Amino acid sequence: MSKVLIIGAGGVGSVVTHKCAMLSEVFTEIMLASRTKAKCDAIAADIKEMHGVSISTAKVDADQVPELVALIKEFNPVMVINVALPYQDLTIMDACLETGVHYLDTANYEPIDEAKFEYKWQWAYQDKFKEAGLMALLGCGFDPGVTGVFTAYAQKHHFEQIHYLDIVDCNAGNHGKAFATNFNPEINIREITQKGRYWQKGEWVETDPLSIHKPIDYPEIGPKESYLLYHEELESLTKNIPHLKRARFWMTFSQEYITHLRVLENVGMTRIDPVMYEGKEIVPLQFLKAVLPEPSSLGEGYSGKTSIGCQIKGIKDGEEKTYYVYNNCDHAAVYQEVKAQAVSYTTGVPAMIGAMLMVTGKWQKAGVYNVEEFDPDPFMDALNQYGLPWNEKINIPLPHEYDVQ
Ligand code: NDP
Numbered sequence: 147m148s149k150v151l152i153i154g155a156g157g158v159g160s161v162v163t164h165k166c167a168m169l170s171e172v173f174t175e176i177m178l179a180s181r182t183k184a185k186c187d188a189i190a191a192d193i194k195e196m197h198g199v200s201i202s203t204a205k206v207d208a209d210q211v212p213e214l215v216a217l218i219k220e221f222n223p224v225m226v227i228n229v230a231l232p233y234q235d236l237t238i239m240d241a242c243l244e245t246g247v248h249y250l251d252t253a254n255y256e257p258i259d260e261a262k263f264e265y266k267w268q269w270a271y272q273d274k275f276k277e278a279g280l281m282a283l284l285g286c287g288f289d290p291g292v293t294g295v296f297t298a299y300a301q302k303h304h305f306e307q308i309h310y311l312d313i314v315d316c317n318a319g320n321h322g323k324a325f326a327t328n329f330n331p332e333i334n335i336r337e338i339t340q341k342g343r344y345w346q347k348g349e350w351v352e353t354d355p356l357s358i359h360k361p362i363d364y365p366e367i368g369p370k371e372s373y374l375l376y377h378e379e380l381e382s383l384t385k386n387i388p389h390l391k392r393a394r395f396w397m398t399f400s401q402e403y404i405t406h407l408r409v410l411e412n413v414g415m416t417r418i419d420p421v422m423y424e425g426k427e428i429v430p431l432q433f434l435k436a437v438l439p440e441p442s443s444l445g446e447g448y449s450g451k452t453s454i455g456c457q458i459k460g461i462k463d464g465e466e467k468t469y470y471v472y473n474n475c476d477h478a479a480v481y482q483e484v485k486a487q488a489v490s491y492t493t494g495v496p497a498m499i500g501a502m503l504m505v506t507g508k509w510q511k512a513g514v515y516n517v518e519e520f521d522p523d524p525f526m527d528a529l530n531q532y533g534l535p536w537n538e539k540i541n542i543p544l545p546h547e548y549d550v551q
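Residues are numbered in this note's numbering as their position in the sequence shown, beginning at 1, plus a constant of 146.
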């Protein structure tokens, strides 16, 4: 029925490609393209062996619009799933506009020389996509992505007004490495070393990096120290969900991870400005990325689970209500299914689901959108069907203080 082009052959790209190939009644032809074609070919070989499906592969530099345009014209897909890096979002959107195909990604644009992720650059494409009759779906991974769908589902079925939102993200897995990041190291470290930020009473409150933390009790896992971070879905959710008094994002890190990160920061290895080394400019964080394990290599032997969800408090039928909706995902089970780890999987499956809803017309409207702007029900059903079943707890005490008037 639909031809799809996937760009980016990392941890997430591999999962999206496997999951699209496993749904061959929807995605009848698949091409995986990335900077390093050998990585696409290795994923294609696994997919052939594990699912009996053949896919095409290609080399593309997604920073170059003409290269993208040529590839899209040659393959002629209905949409592009962008799971390369956030730096490529705008060039891929430009190429989609030029060739008349729909667009989906999992992380918002940030300029390479400034660690500042914001939707403003991509939201500015609204009129262009509308006029072209094309759709761009932004941030369709887990967080951002499923967390927005969870919030929209809570708004639709459980609340008249949502007042408090805490997105809680735990990785209680063990990959056996002293230090590794579960998604692209450069993007991950840029995100974590930024100042924290949360939404309260209609404005942003800024905090020093990783300065606010407390244990949060995760289902089937137990209490884990969780750090307040700024995360990109807070920007769109505070715009799209009315009545919010406060919205925050929390993520767990082990003490080992925090200690490594502090040392790397203190010695200058997380800098994103170029330094001269033997007569050549290098960016310390990019060099660090080159020596850290690739996220796609962590799956084998990874044990434990992730648990990501939304803890919400608000009003239903004039009464206060709490609601907690979450997914737990097991690293080892994911490796069995698609040779990946759970962080790549929890991002790649929602990207496949978003693409499926777009190409089947269930989520289809011209313009640039975030996931919470669509009916959450078909997405929630698909999560249960395609590997990320969710659970809910209603009116349990939530571990957060709720004091904002
Ligand atoms: P990886 O580093 O494993 O993979 C990134 C891939 O993009 C690599 O294959 C890389 O190629 C390719 N790439 C980079 N630059 C270019 C370019 N100019 N042209 C073509 N291909 C390029 O990262 P992940 O798979 O872990 O993450 C992918 C994306 O998913 C990131 O944007 C990340 O922020 C996002 N993400 C979103 C999450 C969510 O829940 N919403 C959670 C986790 C990740 P090469 O192999 O040659 O380096």
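Yeah, the Cβ is synthetic: ideal placement off N, Cα and C, and Gly gets one too. Values in this document were obtained by computation on a predicted structure and should not be read as measured data.
Per DSSP, Gln-401 has no beta-bridge partner at all. Ser-202 and Gln-510 have their C-alpha atoms spaced approximately 26 Å apart. Taking 3 residues as the shortest admissible run, the region 264-300 contains the following complete beta strand (DSSP E) segments, listed from N- to C-terminal end: 281-284.
Take the alpha-carbon of Pro-369 and the one of Ile-338: they are about 21 Å apart. The alpha-carbon separation between Tyr-373 and Thr-452 amounts to approximately 16 Å. Segment contact: the region 408-416 against the region 280-295, fewer than three CB-CB distances shorter than 8 Å; contact not assigned.
The residues Thr-245, in chain order, have a CB closer than 8 Å to that of Lys-219 in the same chain once the five nearest residues on each side in sequence are set aside. Take Val-161, set aside five residues on each side of it, and the residues of its chain with a beta-carbon closer than 6 Å to its own are Val-484, Ala-486, Ser-490, Tyr-491, Gly-494, in chain order.
Contact annotation, Asp-251 with Asp-235: C-beta distance approximately 6 Å; criterion of less than 8 Å satisfied. In the structure shown, the three-state DSSP call for Met-147 is coil.
Around Met-526, the same chain offers Tyr-299 as residues with beta carbons nearer than 6 Å, after the five sequence neighbours per side are excluded. In this chain, the beta strand (DSSP E) harbouring His-309 covers 307-317.
For Ala-204, the enclosing beta strand (DSSP E) covers residues 202-205. Counting other Cβ atoms within 10 Å of its Cβ, Pro-232 reaches 16 or more and is therefore classed as buried. Residue environment analysis places Pro-543 among the exposed positions, since fewer than 16 neighbouring C-beta atoms fall within 10 angstroms of its C-beta. As a beta-bridge residue in DSSP terms, Val-514 pairs with Ala-282. For Tyr-481, the enclosing alpha helix (DSSP H) starts and ends at 477-484. Assignment of Thr-327 by DSSP, reduced to helix, strand and coil, places it in the coil class.
Assignment of Ile-238 by DSSP, reduced to helix, strand and coil, places it in the helix class. Rounded to whole angstroms, Ala-208 and Ile-367 show a C-alpha spacing of 39 Å. Only residues of its own chain outside the window of five on either side were considered, and among them Thr-297, Leu-383, Ile-387, Leu-390, Arg-392, Ala-393, Arg-394, Cys-456, Gln-457, Ile-458 have a CB closer than 8 Å to the CB of Leu-311, listed in chain order.
In this structure, the C-beta of Arg-394 stays at least 7 Å away from each heavy atom of the ligand NDP. Under the rule that a run must span 3 or more residues, the beta strand (DSSP E) segments found entirely inside the region 338-363 read 342-346, 349-353. Between the C-alpha atoms of Val-150 and Glu-379 there is a straight-line separation of about 26 Å. CA-to-CA, the gap between Asp-187 and Lys-205 works out to about 10 Å. From the listed residues Val-211, Glu-171, Leu-214, Lys-165, the smallest Cα separation to Ala-190 is found for Lys-165. Note: Ile-152 is bridge-paired with Leu-178, Ile-227 in the DSSP secondary-structure output. The shortest C-alpha to C-alpha distance from Glu-547 to any of Ser-443, Gln-340, Thr-468 is the one to Thr-468.
In this structure, Pro-535 and Leu-503 do not form a Cβ contact; the two beta carbons are roughly 18 Å apart against a cut-off of 8 Å. Here Tyr-423 is exposed. Its C-beta has fewer than 16 other C-beta atoms within 10 Å. Around the beta carbon of Gly-348, a 10 Å sphere encloses fewer than 16 other beta carbons of the protein chains shown; the residue is thus reported as exposed.
Taking 4 residues as the minimum length, the alpha helix (DSSP H) runs contained wholly in the region 413-501 are 430-437, 477-484, in order along the chain.
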